[in-house]
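As structure tokens, the structure follows; a few thoughts come after it.
Number of protein chains: 2
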Amino acid sequence: MQMMQGCLARNPFARMTRLLGSVQCSREAGSRPGPQQQQKQKPLTMAVVLFPGFELLDVAAPGELLGAVPDVARLFYAAQFPGPIASSCSELAGGTVGPSLVATHRLLQGGSISDAAGGQPFKPDAIFIPGGKGVRGEVSNDFLVDWMREAAHEADVVLTVCTGSWLLGVSGALDGIPATSNKNALRNGHPQKAAPNVLWQLEARWVEHELRRSGGRTTLFITSSGVSAGGDAALALIARRAGMEVARRVAHRAEWSWQEDSSVDPFARDYGL
Amino acid sequence: MQMMQGCLARNPFARMTRLLGSVQCSREAGSRPGPQQQQKQKPLTMAVVLFPGFELLDVAAPGELLGAVPDVARLFYAAQFPGPIASSCSELAGGTVGPSLVATHRLLQGGSISDAAGGQPFKPDAIFIPGGKGVRGEVSNDFLVDWMREAAHEADVVLTVCTGSWLLGVSGALDGIPATSNKNALRNGHPQKAAPNVLWQLEARWVEHELRRSGGRTTLFITSSGVSAGGDAALALIARRAGMEVARRVAHRAEWSWQEDSSVDPFARDYGL
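Shown next, in the form of structure tokens:
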């Protein structure tokens, strides 16, 4: 996969564990959506990828906030095997199996999805990969890994939350790209070991990076830190697509205290990163 | 229902729209769990009450955080009609129908629940009422309103999030009790009109109140502000049952920036409350 890099990471001064290739950064570029980004855009069709043991809040916080702005994104909850998919509530730290969310859509070979009844397949404009306990098994799920790589390559937007970046990283779709992940996982070195070509940023609430591909296309990657950070990252995506005022209004309605600055990451320090 | 009041509200100095009866408050009592509250307690069996149009994050944030500590609570997702229950993502403000969560348990007359297959009924120790668009219809659902009143009367803990307090208030279970709700709903006067005997507190991230009932029993009411505030309130419940250190650990794992002080409520000011 040929890549030309243009970095819109909002915390370009955060430490990176590995730096491959040259990354041109502009703090300004990512700090506020420019006039072009605030233009009315077609809503993204976004596949929310569910798998057994996804972390409940990884999905639900962005789901709530993006679901509040259908002009920005229309969410399709999709899985390899549609139907109820059991979530996880911090199971790796002694928590429980969480409630099941219903996947109404099926992942299809080649990065498409269709409704569970076998309707017309389509390629989503955006994909959203949560993390969770299930990641440890899914990294060996060739179907899912292939799906993610193919869908990410064609997507306008790729959003990951928590260890979703570890899972996506295994597919190679994040190679050479600045990204972050769950702080505990990063402390333990899991994402770095599984996907050594990702430019892991240890200190960042979330990271935005716009990848320029051949043919003039771009893919915006937004990777967030653990669990709750997904809400902040989803708001950043809303800000890019619809402007800061819309993003602030969504946060306000949900009484979500948005950490607007992606470089403010107290959890990195807490975990010694 | 006879009530003897002992206020453990954590923001006893917040304004109340109505004050019925005498409420004895102690800021100290609620600010940190005392030795008694930190004693090892049996996990609460908690019925999470789902209804069509519940707000996704109202359920998922406390679900995630309480699900992380099975020594504190074991959650049973229950509905009048078990199966997939469609959530809402800020639909009243132009958002969308959200993903469906699966209710595995059925609400039964008299405040009990059983698994959906009709297993042995039991009375939950705790009930959790979320808010959402669906509240506007469910306030006229006599079965649900009766279930809530009866279950709340026998429960050790009652937790509401967002307009869940409006719904519970209609049952009479919050009469004479300090409680809060979604800020936008409070600004528009909806909970106050629907449940005028509740001691509505306009400025509070959440409110805790321990009600002493006849026979020496108590019910702890924790009512939270809108949507995301439910996570902070759930952590307050964890702190009461397992101590502050456990609550902070749960927040830390989820990278949730916990607003530990229930009286800090910037959204109240934003909404002119």
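Chains A and B, in that order, are what the protein sequence lines are.
To convert, note that position 168 of the first sequence is 168 in the UniProt record's numbering; the numbers rise steadily by one, no gaps.
To convert, note that position 163 of the second sequence is 163 in the UniProt record's numbering; the numbers rise steadily by one, no gaps.
All C-beta atoms in this analysis are idealised placements derived from N, C-alpha and C, irrespective of residue type, glycine included.
Asked: Given 8 Å, three or more beta-carbon pairs between the stretch 85-94 of chain A and the stretch 45-63 of chain A; Found: yes
Asked: Short Cβ contact (8 Å threshold) for A/Ile-177 with A/Ala-151; Found: no
Asked: For B/Asp-115, three-class secondary structure by DSSP; Found: strand
Asked: Residues sharing a beta bridge with A/Tyr-77, DSSP; Found: A/Val-48
Asked: Touching by the beta-carbon criterion (3+ pairs, under 8 Å), the stretch 185-205 of chain A and the stretch 243-255 of chain A; Found: no
Asked: Three-state secondary structure (DSSP) of A/Arg-205; Found: coil
Asked: Boundaries (first-last residue) of the alpha helix (DSSP H) holding B/Ser-87; Found: Here B/Ser-87 belongs to no alpha helix (DSSP H); instead the beta strand (DSSP E) covers 83-89.
Asked: Selected residue, minimal CA-CA separation from A/Asp-115, among A/Ser-257, A/Ser-100 and A/Ala-47; Found: A/Ala-47
Asked: A/Gln-221 versus A/Pro-43: straight-line alpha-carbon distance, rounded; Found: A quick correction: the sequence has Phe, not Gln, at residue 221 of chain A. Rounded to the nearest angstrom, the two C-alpha atoms are 17 Å apart.
Asked: Secondary structure of A/Ser-214, DSSP reduced to three states; Found: helix
Asked: Pair within 8 Å by beta-carbon distance, A/Asp-265 and A/Ser-225; Found: yes
Asked: Residue from A/Leu-159, A/Gly-95, A/Val-158 and A/Asp-146 with nearest C-alpha to A/Gly-110; Found: A/Asp-146
Asked: Cβ of A/Ala-116 within 8 Å of any chain B Cβ; Found: no
Asked: Member of B/Ser-112, B/Val-97, B/Ala-78 and B/Phe-267 whose CA lies at the smallest distance from the CA of B/Ala-103; Found: B/Ala-78
Asked: CB of B/Gln-80 within 8 Å of CB of B/Leu-107, strictly; Found: yes
Asked: Partners in chain E for B/Phe-267, counting only beta-carbon separations shorter than 8 Å; Found: The displayed structure is made up of protein chains A and B, and chain E is not among them.
Asked: Proximity test, Cβ basis, 8 Å: A/Ser-100 and chain B; Found: yes
Asked: Buried/exposed call for A/Phe-143, threshold 16 Cβ in 10 Å; Found: exposed
Asked: Beta carbon proximity, A/Asp-270 to chain B, threshold 8 Å; Found: yes
Asked: Beta-carbon proximity check, B/Trp-258 vs B/Asp-232, cutoff 8 Å; Found: yes
Asked: Within 8 Å, strictly: CB atoms of A/Thr-163 and A/Val-135; Found: yes
Asked: Burial state of B/Ser-140, where buried means 16 or more other Cβ atoms lie within 10 Å; Found: exposed
Asked: Start and end residues, beta strand (DSSP E) containing B/Gly-169; Found: Per DSSP, B/Gly-169 belongs to no beta strand (DSSP E); it is in the alpha helix (DSSP H), 164-170.
Asked: Exposure label - A/Glu-208; buried when at least 16 CB within 10 Å; Found: buried
Asked: Residue from A/Leu-211, A/Asn-182 and A/Leu-186 whose Cα sits closest to the Cα of B/Glu-255; Found: A/Asn-182
Asked: C-alpha gap between A/Ala-247 and B/Asp-156, whole angstroms; Found: 39 Å
Asked: B/Glu-55, DSSP secondary structure in three states; Found: strand
Asked: Coarse secondary structure for A/Trp-200, derived from DSSP in three states; Found: strand
Asked: Per DSSP, cross-strand counterpart(s) of B/Thr-223; Found: B/Thr-160 and B/Val-207
Asked: Short CB-CB distance (under 8 Å) between residue 287 of chain B and chain A; Found: This structure cannot speak to residue 287 of chain B, because chain B is shown only from 1 to 273.
Asked: Backbone CA spacing between A/Ala-117 and A/Ala-239 [nearest angstrom]; Found: 34 Å
Asked: First and last residue of the uninterrupted alpha helix (DSSP H) at A/Ile-129; Found: Unbroken run through A/Ile-129 is the beta strand (DSSP E), 126-129; no alpha helix (DSSP H).
Asked: Residue from A/Glu-203, A/Thr-219, A/Glu-260 and A/Val-227 whose Cα sits closest to the Cα of A/Lys-133; Found: A/Val-227
Asked: Contact under 8 Å by Cβ, A/Ile-129 with A/Leu-167; Found: yes
Asked: Close-in-space but distant-in-sequence residues of the same chain around A/Asp-125 (CB under 6 Å, 5 per side omitted); Found: Leu-44, Thr-45 and Asp-156
Asked: Contact list for the UniProt domain "DJ-1/PfpI" (122-187) of chain A against chain B, Cβ threshold 9 Å; Found: Cys-162, Asn-182, Lys-183 and Asn-184
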